[in-house]
Each structure stands twice: as structure tokens, then as C-alpha cells.
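Student:
2 protein chains.
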Amino acid sequence: MKNVLICGAGMSATDLISYMLRHAEKYDWFVTVGDIVVDTAKRKIGGHPRGKAVYFDCYDPQIMERYIKDADIVISLLPPGMHAAAAKIALQHGAHVVTASYASREMIDMHEPAEKKGLTFLNELGADPGIDHMSGMRSIDFIRKKGGELTSFESYCGSLVAPESNDNPWGYKFTWSPMNVILAGSTGACYYYQGSLRCLPYNRLFENAKKIEIPGFREFEAYENRDSVTFRHKYGLDEIPTFIRATLRYPGFCEAWNLLVKLGLTADNYPIEGSENMTYREWVSSYLPQSDAKLEDSLADQLGIERGGTLHQKLLWTDLLSNRPIKRVSGTPAEILLDLLLDKLKFKDGDTDMLVFYERIQYRLNGRLHEHVSHLVTKGLDHDHTAISRTVGLPAAIGAKLVLNGQIKTRGVLYPWTREVYEPILNELADLGIAYSSTDKRF
Amino acid sequence: MKNVLICGAGMSATDLISYMLRHAEKYDWFVTVGDIVVDTAKRKIGGHPRGKAVYFDCYDPQIMERYIKDADIVISLLPPGMHAAAAKIALQHGAHVVTASYASREMIDMHEPAEKKGLTFLNELGADPGIDHMSGMRSIDFIRKKGGELTSFESYCGSLVAPESNDNPWGYKFTWSPMNVILAGSTGACYYYQGSLRCLPYNRLFENAKKIEIPGFREFEAYENRDSVTFRHKYGLDEIPTFIRATLRYPGFCEAWNLLVKLGLTADNYPIEGSENMTYREWVSSYLPQSDAKLEDSLADQLGIERGGTLHQKLLWTDLLSNRPIKRVSGTPAEILLDLLLDKLKFKDGDTDMLVFYERIQYRLNGRLHEHVSHLVTKGLDHDHTAISRTVGLPAAIGAKLVLNGQIKTRGVLYPWTREVYEPILNELADLGIAYSSTDKRF
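The listed protein sequences derive, respectively, from chains A and B. Numbering of the first sequence is given in my numbering, commencing with residue 1 and proceeding in unit increments. Numbering of the second sequence is given in my numbering, commencing with residue 444 and proceeding in unit increments.
1) Find out if the Cβ-Cβ distance for the pair residue 459/B, residue 751/B is shorter than 8 Å.
2) Put residue 432/A into one of helix, strand or coil per three-state DSSP.
3) Quick one: list the residues of chain A neighbouring residue 710/B, beta-carbon separation under 8 Å, in chain order.
4) Determine the DSSP secondary structure at residue 712/B, reduced to helix, strand or coil.
5) Shorter than 8 Å from the beta carbon of residue 641/B to some beta carbon of chain A?
6) Is there at least one Cβ from chain A nearer than 8 Å to residue 524/B's Cβ?
7) Answer with yes or no whether the minimum CB distance from residue 230/A to chain B is below 8 Å.
8) Using a cut-off of 8 Å between C-beta atoms, extract the partners of residue 227/A located in chain B.
9) Could you tell me the boundaries of the beta strand (DSSP E) in which residue 446/B lies?
10) For the beta strand (DSSP E) containing residue 354/A, name the first residue and the last one.
11) Against residue 264/A, what residues of chain B qualify as contacts under a CB-to-CB distance less than 9 Å, listed in chain order?
12) Give, in chain order, every residue of the region 729 to 742 of chain B whose Cβ lies closer than 8 Å to some Cβ of chain A.
13) Mind checking who residue 542/B pairs with in its DSSP beta bridge?
14) If the criterion is Cβ atoms closer than 8 Å, does the pair residue 543/B and residue 839/B meet it?
15) Check whether the region 635 to 650 of chain B and the region 552 to 565 of chain B touch, using three or more Cβ-Cβ pairs below 8 Å as the test.
16) Output needed for residue 438/A: all residues of its chain with C-beta closer than 6 Å, excluding positions within five of it in sequence on either side, in chain order.
17) For residue 696/B, count the other beta carbons within 10 Å of its own beta carbon; 16 or more makes it buried, fewer makes it exposed. Which is it?
18) Can you tell me which residues form a DSSP beta bridge with residue 685/B?
19) If you follow the beta strand (DSSP E) that residue 474/B is part of, which residue opens it and which one closes it?
20) When you compare the region 223 to 236 of chain A with the region 176 to 196 of chain A, are there three or more beta-carbon pairs, one atom per stretch, that lie closer than 8 Å?
21) To which residues does DSSP link residue 655/B through a beta bridge?
22) Run through DSSP, which three-state label would residue 790/B get?
23) Excluding the 5 residues preceding and the 5 following residue 652/B in the sequence, name in chain order all residues of the same chain whose CB lies nearer than 6 Å to its CB.
24) Does the beta-carbon distance from residue 833/B to residue 821/B come in below 8 Å?
25) Helix, strand or coil for residue 248/A per DSSP?
26) Within this structure, are the beta carbons of residue 155/A and residue 371/A separated by less than 8 Å?
27) How big is the Cα-Cα spacing for residue 320/A and residue 302/A?
28) Whole angstroms is fine: what's the gap from residue 603/B's alpha carbon to residue 657/B's?
29) Compare the Cα-Cα distances from residue 811/B to each of 483/B, 592/B, 549/B, 471/B and report the closest residue.
30) Can you confirm whether the region 27 to 36 of chain A touches the region 45 to 64 of chain A when touching is taken to mean that 3 or more C-beta pairs between the two stretches lie within less than 8 Å?
31) Can you list, in chain order, the residues of its chain with a C-beta nearer than 6 Å to that of residue 508/B? Leave out the 5 residues immediately preceding and following it.
32) Can you give the Cα-Cα distance for residue 326/A and residue 262/A, rounded to whole angstroms?
33) Tell me the DSSP secondary structure of residue 327/A in three-state form.
34) Contact between the region 723 to 740 of chain B and the region 680 to 687 of chain B is defined here as three or more beta-carbon pairs at a separation below 8 Å; is this criterion met?
Below is the structure:
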């Protein structure tokens, strides 16, 4: 019997857990699910005879070691900073590792030791990063095989509320890690466009959102991800003139979000001392000039937006200027804003979420310009089996299966942009209803 | 004999080291000076029989312990994050601690254990924080003793190049930690003004610089420090309507610096992959829109400043658009900018630096408004005995002496805003020529 340890039973873990349990009998696995809230893990296991819920605190090295030492594979859905800590223990005790997150420097540095011990540490195997990498690389390999010369690669992904549940003025609900949404873009973005490096600092990122029309579906807008430059290299496209990875939102989101950024309400690097004694109105007023004008008007004037206009209404709708008390004790602006928006942009029972992937590649073949366009739109099945849970959890689950079965043979720190990884996973995802459609046309 | 350990022999340590050696015979001290560059420590000890230079790496816990365990007092001029690590070892081995830096959360948490062990951990005993705290609190106590009711407290400090060495268009040279200058203000600032909390995010801090006229001296400008709110509380002024701590620069600096902030060149939270293969011109061009205009003109247009105007000239003077190669390997924007400015804004041999402290307090007494104004301007004596070395090192040195002599009796984590600390230190600083002049007038 092989022991599978799943670390983290939150929002993104539901389909990962059920996939592993569904295949546990056939492959002779026992699945331990650890979470700081044992009941969540228990509920998601649902009494399955091959599953067990345990209390798991990733900030307690002893507890980490207790469960990792018996595992054959560790599937980590821990907070981003903690994967490497889990992997270090896995390295010591001889367990494979799968994560759905970007590989950190510490993770990358474990390549040689993991390889020597015959272990596979498979990273970036979720939705984004994950499905986007796999589809992108499948398309790139397809074009190269034909002899095409790539001139432009753009890849977009968004975790959004489905159109039928999109019922607030921001066109956004928290379908995944809310703090990541608050801090999104704070590092700015660098990418390549028409042969030159382009950098956008945080203060210009959201005002530069671009319209993205997914043919036959609908219009979105996109802001660039932090670090396209590294992936241009990792994908082996060092010479490609345009390389952009970006995030999708419904139209209008970025312009409004940029107002929160300009106000300074998304900063996470200092606390507001005594925030627990303030209302939201008092707090936000501290960012506005002192004047005799109504605070609502000052807000519009400070931001240079029309009083009473759409943007102004969107801001006021958040209750930023309400007398709601702030609960957070000496919170950072980002934390204080988070608490407010968690309520206003809540993904509610009965809501449906949606993952949208879109990829546009241009290449030259036989002297002609071609365009290869792929997209994937998938919605949640219910409030547990959300699109985000399926698109994050299923790639990781399938990846874990392939490592345990010996279908993935490469050892060391591994990514889903090699064919050995992307091909079987994309095929199985398609069988599960998560499939891209592509067109390839010549101009 | 008592063992004094000085950790760090850099720019700010010269006068600290010479003060401790000068008094070593009288008080029977032996002074060990540790630095990662032993020669620097050796040169500053200058063969004194009661001094010894040792190799000291604060990132190596074994080396830290080797020297701290024999010390009666540790004077730490280590990087900000490392004081608490040194203090932890000092706590274990029974040594007092003095620092010239803000007390971190970890430091503050050592209050009770230090107190129990009969140890004094004296923090914030440099120039700013340090001299500003001491003078501010002396003035506050003076006013309170008269029965005055404080209505406004403003405290300003700047480490600047002296007017006679101020020979570049920015009116600034690196007289202290250059990276701190690059990152200054990145957390924004919160303070109290006329009874209400005011917050300025980074993107508005430098454009809100205020003119500060030091009566009888000259005009400066100031931008607010990160965290006046905490000090309002620490000074015991919870009810005061206006409380501001701020940093002084020569006029014109802030407006120009804000351009670098707006461009995004001071960000320190992401690397520019492959920066070592670029020139400064190529790098900065990535932040400007692609156009047919000359890059110099694009820069002005992007920032909304006059082509060829003073601000434009200041920017170009830095060689931001020169073909100088970037040396930093995958550096952050802040690091890349630092390398350039280190050269352009270098504090050269023969240059003189200057510390300026200015404090303006308003209070009501017998129904009348009063103003208490103090300032201190001190210049460096030579390239080693700079104003920054004297104003950072001498308070720490005197503080260490007072702890060793038993004149400071309070144990636990301590700050210079108690009379036991500020009175003897300010008096001795005055004897050393570092003295405030004050006026108190009634309106």
C-alpha cells in the first residue's frame, strides 16, 4: 500500500481529495488529509475507508515530520511559503512532492538532492500555474514540430464568478485566495512586446489593462503577470519578440481597482495603529485631504473621477465610507480592505465560478503568418466542486498518480512544461470535461 | 575589567569606537570590535592597547556566540534585522545591549526576560532615532513642568551633505546607508494633524513635501516618516492634535525623487531577470511607452515634466539614460538604481556632512499659545569623523558607559525618552559640541 499525504483541505482541495480517494482502491493507496481544521478534512473525506483526516499545522515542524515521514508522496496545498519546508522533510524521509504553486528558490535548489534520492518534486501543477503551462507548451511543441517560427506568445487566465452569478458592480467575487487578489500586481509586471522588455510599475499596471476578446465567447480585460521574463526562458523561447502572461477580469474591474491602489488601500507593508478603534469612514478619510467638502465628494475629487459617476458609485458600493467598525487590530491597509471586501465580494452559496484560459500564439511558417488560438472555459459543478477546485486539484491529483504509477520517471525538481508531464495530464483532464478548443489559421 | 563588544565597524562606528577606547583606561574596559572586514575594525582601533579587532559575521550564529558570551555589554550597529538575534544571545549569556536602531517586535518582546536577568537593552539611541527622541522628550517634560498643554509636536531630522560640499543638482549625497535612502518612504506615512489621522501612500508622499524654514538658518523641505502614530503614544501624547516626525532634505529633492518613484525604479520586490545584460538606457526604456520619440523626450512626456526643464535635467544628470552597463545580476529596480546613484551621489573624500535636527512644539499656558522651537546643526570634522558617525555613535557610546557605570539603573528593554537616559546623554553631547539651541515664545 502507498501512503498519500494531502496537506491542506481548503477551497482548492475538494476535487484533489475525491480524485485520490476514487482511485485509492484500484491503486492500493491510503490517503491522509491534514488540515488545521480537522473537520474540513473529515467532511471532504466523507467516511471513505481509505481516507483519514488529521490535524496538521504547517508551522509546527514536529507535526509536519510526523505525517510526512510515513508518506510515499506529499501533495502540498499549503500557503506559498511553506511548500519548501514540507519538501525538505520529504527529501529527508524519501517522499515525492507535488504542488500547484510556483517553485520558490529553495524548492529549485533541491533539484540535485531530490534527483540523487530518486524523488520527483513536481511543481506548478494547478490551474495557473499549471494548466496554462501545459497547454502553452503543447501548442509550442505542435508549432515547432511543423517547423514554425514563434513570433508571439500570449497566455491569459482568470478565476472569475460565472456570468450568471455575476451580480455586483465590480464583476468580481473571491473564488480563490482573497489576500492574493488584494495584493495582485503589487510587484508590477515585466514582459516582452515586439522585441523589447516592457515594465509596468504597480502604479501603472491596472490603468494599462488591455481588452481581450475571446472569439465566440466574450470580452475581458487583462493585466500582465509579474514575471513573464522568466517563463519566456523556461519555455525555451529566448528569442521570441512578444511573450506575455496575464490575468483576466471582467471589463471595468481594473480601472476601479486602480482607484484603491492609488488611494494606498492595498499596501501591506505597515500597520494602521489602533485600526480597531476606527470606522471605515474614519480610516479612508485619513487618506483624503482635510476640507469642508462632503467626504464622498472629496473621494471623487482626490481620484479625479466624476462625482456620482460609475466609478464613484462602485467605490461607495464597497462601504468604504460607511460607519462600519474596523475589526482588525492594528491591521495593514490590505488587511483592513480585505475584511470589508470579503463581505461585499463574497462567493455565496449557490454562486457558480468559472475558470477561463486563453492563449494566442503567432508564428511564421513558409513565409506566412499563422495564429494558433486556444481557450478553455470551465464552470464549477456546485459550491464544493468549484471550477477552481477542479482546475487546481485535478492536475495535481493526476500528476501524483503518474508519479506513483511510475509513468512520470524524471526525478528531481520537475515542471509541467515537459511532454512527459503535460500530455497524459491534459488528456485525462479532457476526459474529465476540462478541455481546450483550438483553431489554427493562416493570414 | 569589563568587556565591551562593538558589532559593526562601518561608517557610523568611528566615533563610537574612539569614545569607548578613549574611556577604556579610566573605566577598565576592554573593547573588541567585530566586523566582516577586519581591517576596517583594525584601522579604527589604531593600535590602542585596550582594543582588538575580530572577524564578525552576524549571519553566523557560532561566531556571534563566541564573542557575545564574553561581553558585559554589546553595542550593536548591525543591519536592522540582526539586533534582536544578537540580543537573544546576550540575554542567554547575561550581557547588556545598546542599539541605535528602532526596536523590533522581537526586541520589545525580550523586555521581561531581560528585566528578570537584570539586563538593560537600550534601543533607539543614535541620531534619528535617538537624539530627536531625547530632545523632544526633554522639551515635552519642560513644558509639562510649567503646566503647559501640548497642542502640536513636530520633529524633523536630516542627514545631509553640508552646504559647502553640496555640488550636485540633487542636493544630496549618501552620507548614511544608501539603500535606506533608495527605499525611504516606501511604506507611506501616517501622522496626526489638527486632531485627525492623516495617511499618505508612497505614491503621494514625495509630492506632498512641505517647506520647513529653520529660523536663522535656512530653508529645507520635509516628508513625513512612516510611523508617527506609535511615537505619539510612546511619548505619552495620546491626546495631542498634531504629531509629526519627518525627514529633511534640501529644497527640490522630493519633487525630483518622486519621479523615480513614479517610474517604478525604487521598487524592491521583484528582480529584473538578466539585468546584467542591459544598459541603464535599455532598462529605463522598458518603463517608457514604445514610440518614435527620442527616449529623453519620452521620459519627460511620460512623467508630465517639461522637456529640458530643471526636473528633466536632474533626471538625465543621473545617467539613467546612458549606455552605462548594469552590473547587478538580476537585480531589483532599487538595487540597479542604487548602483548608479552610489556613483553619482557619492560622498567624496573632502566632502563634509551635516546633521540637522529641528523641533517645533506648540502649547497653551494660561490661555495663551506658546511655541517652543529647538534646533541642532552639526557638521562632520573630517571624512571619518562625520556628523553621522558622531550623532549616531556618541549617544550609543555614552549610553553604554552609563549602563556599565550603573548610572542607568532601569532594566529590561529601554528607550531614550525617559529622563534617566536623556538628561545625562544630552548634557554630555553638549560638552562634545553637539548642542541644541532653543527659543520659547508667547503669541
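Glycine included, each C-beta is placed from N, C-alpha and C at the ideal position.
Tutor: Let me lay it out:
1) To locate residue 459/B, count along the second sequence from 1; it is residue 16. To locate residue 751/B, count along the second sequence from 1; it is residue 308. Cβ distance not < 8 Å, so residue 459/B and residue 751/B don't count as in contact.
2) If you number the first sequence from 1, residue 432/A lands on position 432. Coil.
3) Working through the second sequence from its first residue, we reach residue 710/B at position 267. Simply 187, 188, 201, 202.
4) Numbered from 1 along the second sequence, position 269 holds the residue referred to as residue 712/B. Note: residue 712/B maps to coil in three-state DSSP.
5) Indexing the second sequence from 1 puts residue 641/B at position 198. In terms of beta-carbon proximity, residue 641/B lines the interface with chain A, with at least one pair separated by less than 8 Å.
6) Start at 1 with the first residue of the second sequence, and residue 524/B comes out as number 81. At a cut-off of 8 Å between C-beta atoms, residue 524/B does not count as an interface residue with respect to chain A.
7) Residue numbering aside, residue 230/A sits at position 230 when the first sequence is read from its first letter. Yes - at least one Cβ of chain B is within 8 Å of the one on residue 230/A.
8) Working through the first sequence from its first residue, we reach residue 227/A at position 227. By Cβ distance, chain B contributes 713, 716.
9) Position 3 of the second sequence holds residue 446/B. Taken as a continuous stretch (DSSP letters only), the beta strand (DSSP E) holding residue 446/B covers 445 to 450.
10) Along the first sequence, one-based indexing puts residue 354/A at 354. 353 to 365 is the span of the beta strand (DSSP E), which, as asked, contains residue 354/A.
11) Taking the first residue of the first sequence as 1, we reach residue 264/A at position 264. Ordered by position in chain B, the residues that pass the 9 Å Cβ test against residue 264/A are 631, 642, 643, 644, 645, 646, 647.
12) Those would be 729, 730, 733, in chain order.
13) The residue labelled residue 542/B in the question sits at position 99 within the second sequence. DSSP lists 519/B as partners of residue 542/B.
14) Looking up residue 543/B in the second sequence gives position 100. Looking up residue 839/B in the second sequence gives position 396. Yes, they are a contact pair.
15) The answer is no - the region 552 to 565 of chain B does not touch the region 635 to 650 of chain B, with fewer than three Cβ pairs under 8 Å.
16) Residue numbering aside, residue 438/A sits at position 438 when the first sequence is read from its first letter. Shown here for residue 438/A: same chain residues with a beta carbon closer than 6 Å to its own, the five before and five after excluded, namely 374 in chain order.
17) Within the second sequence, residue 696/B is the residue found at index 253, counting from 1. Residue environment: residue 696/B is assigned as buried (16 or more neighbouring CB atoms within 10 Å of its CB, all protein chains considered).
18) Position 242 of the second sequence holds residue 685/B. Under the DSSP definition of a beta bridge, residue 685/B partners with 595/B.
19) By 1-based counting over the second sequence, the position of residue 474/B is 31. Residues 472 to 478.
20) As far as the Cβ criterion goes, the region 223 to 236 of chain A touches the region 176 to 196 of chain A, which means the pair count is three or higher.
21) By one-based count along the second sequence, residue 655/B stands at place 212. DSSP lists 663/B as partners of residue 655/B.
22) Taking the first residue of the second sequence as 1, we reach residue 790/B at position 347. Coil at residue 790/B, not helix or strand.
23) To locate residue 652/B, count along the second sequence from 1; it is residue 209. Excluding positions up to five away in sequence, the list reads 664, 666, 697.
24) Here residue 833/B refers to the residue found at position 390 of the second sequence. Here residue 821/B refers to the residue found at position 378 of the second sequence. Using a Cβ distance threshold of 8 Å, residue 833/B and residue 821/B count as a contacting pair.
25) Here residue 248/A is taken as the residue at index 248 of the first sequence, counted from 1. Reduced to three states, the DSSP call for residue 248/A is strand.
26) Here residue 155/A refers to the residue found at position 155 when the first sequence is read from its first residue. Here residue 371/A refers to the residue found at position 371 when the first sequence is read from its first residue. At least 8 Å separates the beta-carbon of residue 155/A from that of residue 371/A.
27) Here residue 320/A is taken as the residue at index 320 of the first sequence, counted from 1. Here residue 302/A is taken as the residue at index 302 of the first sequence, counted from 1. Cα to Cα, residue 320/A sits roughly 15 Å from residue 302/A.
28) As a first step, residue 603/B is located in the second sequence; it is residue number 160 there, counting from the start. As a first step, residue 657/B is located in the second sequence; it is residue number 214 there, counting from the start. Spanning the two alpha carbons is a distance of roughly 15 Å.
29) As a first step, residue 811/B is located in the second sequence; it is residue number 368 there, counting from the start. Its Cα nearest to that of residue 811/B, the residue 592/B stands out among 483/B, 592/B, 549/B, 471/B.
30) Contact holds: three or more Cβ-Cβ distances are below 8 Å.
31) Position 65 of the second sequence, counted from the first residue, corresponds to residue 508/B. Only 532 meet the Cβ criterion.
32) If you number the first sequence from 1, residue 326/A lands on position 326. If you number the first sequence from 1, residue 262/A lands on position 262. Taking the straight line joining both Cα atoms gives about 21 Å.
33) For this step, residue 327/A is matched to residue 327 along the first sequence. Looking at residue 327/A - three-state DSSP - the assignment turns out to be coil, as it is neither helix nor strand.
34) With fewer than three CB-CB distances shorter than 8 Å, the region 723 to 740 of chain B does not count as touching the region 680 to 687 of chain B.
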